[in-house]
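Notes follow the structure.
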Amino acid sequence: MPTNPLRASVRPRVQVSSARNLNIVAMALTAALVTLQLVGLVMLERSHAHAMQVSFPREATSCADSAAASVSPIPYD
1 MPTNPLRASV
11 RPRVQVSSAR
21 NLNIVAMALT
31 AALVTLQLVG
41 LVMLERSHAH
51 AMQVSFPREA
61 TSCADSAAAS
71 VSPIPYD
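Residue numbers (the UniProt record's numbering): 1 to 77.
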């Protein structure tokens with residue numbers, strides 16, 4: 001039984017350890033980095049898909065001049 005009745009009714013303050021704070025900060029930073037990576041990946045995929053649409057037309061272009069070009073064979077040793 002406590003000797004001081006006034007002190008018995010007061011709860012001791014629980015101090016949050018710095019290790020717990022560090023874990024919370026580390027988790028928040030990890031979540032932010034993962035989110036940024038996902039956003040970057042989505043942006044990269046969209047830009048790649050857009051570039052592929054622009055560079056390849058739907059209909060093949062045909063060349064009117066169909067001259068056979070002479071190509072000399074590459075000598076091998």
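Where a beta carbon is used, it is the ideal one built from N, C-alpha and C, also for glycine.
**OP:** From the DSSP output, in three-state form, read off residue 79 for me.
**Re:** For the chain, the structure presents residues 1 to 77; residue 79 sits outside this window and is missing.
**OP:** Would you identify the three-state DSSP class for Ser17, choosing helix, strand or coil?
**Re:** coil
Subject >> Same chain only: Cβ atoms within 8 Å of Arg20, ignoring 5 sequence neighbours per side >> reply: none
Original post:
Looking only at its own chain, which residues have a Cβ that is under 8 Å from the Cβ of Val39, when we skip the five neighbours before and after it?
Top reply: none
Original post:
What number of angstroms, rounded off, separates the C-alpha of Thr30 from the C-alpha of Gln37?
Top reply: 11 Å
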